[in-house]
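Residue numbers (full-length UniProt numbering): 1 to 515.
Think of the CB as a built atom: it goes at the ideal place given N, C-alpha and C, for glycine as much as any other residue.
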């Protein structure tokens, strides 16, 4: 069965079939990002003029406006203020390099699912994404963010610091992450994400939190400054990263790759894979020497020697020291960004010795998304049909497996999740399944509770879960009394609490008797 037939077969209503056909037959005209150089004219001036033209158009458009091809091209000409007197971290990615990042992801099957982009600019990664990907993006610049929203209405683009998404979205929420990591010091956004408030370097913060937000086994392919991979200054960061994910490899691009976007600095394209859940649980329990021997803490990467040793052939040019010891890479011959894109297509393999850790080596590719699979992405139910995502028919009740989730429909599960009483009607295993499959439907506190209970011996998990839920009911009862609810409401809550306690004692026995 071909993809077209498969897609139609997976649709469950006329409405979904129409959405699928519309998705595969509607094509936006390709757009060029940035500004082309013109001989005899100042490139900085051309950028400023294109920026102003884009801003003027942007100011004339309402949110959600349908754009003409000409309007889309004008908006894509906005290149930010980097290098022309504005933000020192506003340097946008050339389109061929973004395409190259996606080509790397395709090698691992990581071009399908819900992908995070935490510093999205005007949306070059959104624009170049594969058809099987839906993006969730943040962008701190209101100009760039609005342009991205207008150019890519099918994705979620939040105009906010990445920190805001990091605190509002549970860990392990996204399949993968791509992007161009900003660099420099963190300022007034530091206190948004309290656990990471002491992290003063922007690049380090982004690298660590991006890994937190993707699922175990997910891939991260990002553009970073050379200090992330090379030298001794970032050794501590590389240790922290290695406890979260495996460094698979990196490419070093020539000086001037980003010239047209305002900076001539060298950049690296880094690929990492988040450790499986079993590995993440094991790492804190294993001594450092064993982790080094198993290449979890791989000395070549930790010491900043990748490009001097194993990765030497992935320096795409001749590396030398420039002014004040800055790394520079001189391209060997004439090489443009399209040629660089082709050089990025290389598959790196895991070098971890899994047997040394008594673990089976995971599949080298990402988890497969099955035809007909339903997912809640950016607050909307999506169905994977014919190799792409279509919005599921909102007019039909969305069925789920009752044995796995404690409810036979998404609507019923939502009702269960909104009250402590409803959550008590679920087993711990069912709540753990919700945490894994529908992470964003529960609070971060609940995610942390489930993760902690999962770290305890299996025989205690159900009891710990139910004890925590009854504890929440007790807090709700105390809150009702403090808030001055009616005596009738308070008594009803008390009786419900007593009934629940008695039911748990009948089921598990008196906790006082447990030793």
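Can you tell me whether DSSP reads residue i as helix, strand or coil?
i	result
residue 105	helix
residue 384	strand
residue 390	strand
residue 505	helix
residue 437	helix
residue 52	helix
residue 89	Any answer about residue 89 is weak, because its pLDDT of 49 lies below 50 and its placement is not dependable; what the coordinates show is given next. Three-state DSSP puts residue 89 in coil, outside helix and strand.
residue 137	strand
residue 261	Here the model assigns residue 261 a pLDDT of 47, short of 50, so the residue's position is not dependable, and the following value carries that caveat. Three-state result, residue 261: helix.
residue 114	strand
residue 492	helix
residue 515	No answer about residue 515 holds up, because its pLDDT of 46 lies below 50 and its placement is not dependable.
residue 250	strand
residue 70	helix
residue 183	coil
residue 175	coil
residue 192	helix
residue 210	helix
residue 521	Here the chain has residues from 1 to 515 only, and residue 521 is not among them.
residue 479	helix
residue 223	strand
residue 230	coil
residue 401	coil
residue 159	strand
residue 245	strand
residue 44	helix
residue 124	helix
Since residue i contacts residue j with CB under 8 angstroms, what's their CB separation in whole angstroms?
i	j	result
residue 535	residue 139	Coverage of the chain is limited to positions 1 through 515, which leaves residue 535 absent and any answer about it impossible.
residue 151	residue 61	Not confirmed; about 11 angstroms, so no contact.
residue 74	residue 345	Contact flag wrong, Cβ pair sits at about 32 angstroms.
residue 155	residue 134	6 angstroms
residue 241	residue 207	6 angstroms
residue 247	residue 301	5 angstroms
residue 432	residue 454	6 angstroms
residue 328	residue 229	Incorrect: roughly 15 angstroms between the Cβ atoms, too far for contact.
residue 114	residue 175	5 angstroms
residue 323	residue 315	Wrong, their Cβ atoms sit about 19 angstroms apart, outside the cutoff.
Mind checking whether residue i and residue j have CB atoms under 9 angstroms apart?
i	j	result
residue 106	residue 33	no
residue 215	residue 166	no
residue 112	residue 384	yes
residue 147	residue 29	no
residue 473	residue 500	yes
residue 405	residue 437	yes
residue 330	residue 254	yes
residue 219	residue 177	yes
residue 223	residue 268	yes
residue 469	residue 439	no
residue 294	residue 271	no
residue 143	residue 58	yes
residue 131	residue 387	yes
residue 205	residue 365	no
residue 377	residue 136	yes
residue 447	residue 463	no
residue 244	residue 304	no
residue 359	residue 278	yes
residue 97	residue 337	yes
Around the Cβ of residue i, are there at least 16 other Cβ atoms within 10 angstroms (buried) or fewer (exposed)?
i	result
residue 128	buried
residue 495	exposed
residue 380	exposed
residue 333	exposed
residue 505	exposed
residue 411	exposed
residue 311	buried
residue 262	At residue 262, the pLDDT of 42 sits below 50, so the modelled position is not reliable and the matter cannot be decided from this model.
residue 368	exposed
residue 573	There is no way to answer for residue 573, as the model of the chain reaches only from 1 to 515.
residue 188	exposed
residue 145	buried
residue 275	buried
residue 81	buried
residue 200	exposed
residue 100	buried
I'd like to confirm something about residue i: is its beta-carbon nearer than 8 angstroms to some heavy atom of the ligand MG, or not?
i	result
residue 413	The ligand MG is not part of the structure shown, which contains no ligands of any sort.
Entirely within the stretch 324 to 383 and at least 4 residues each: give me those alpha helix (DSSP H) ranges in chain order. 337 to 343
Extract the residue ranges of the alpha helix (DSSP H) inside the stretch 406 to 459, only unbroken runs of 4 or more that lie entirely within it. 410 to 417, 420 to 424, 428 to 437 and 444 to 454
Quick one: which unbroken alpha helix (DSSP H) runs of 4-plus residues sit fully inside the stretch 297 to 322? Chain order, please. 299 to 302
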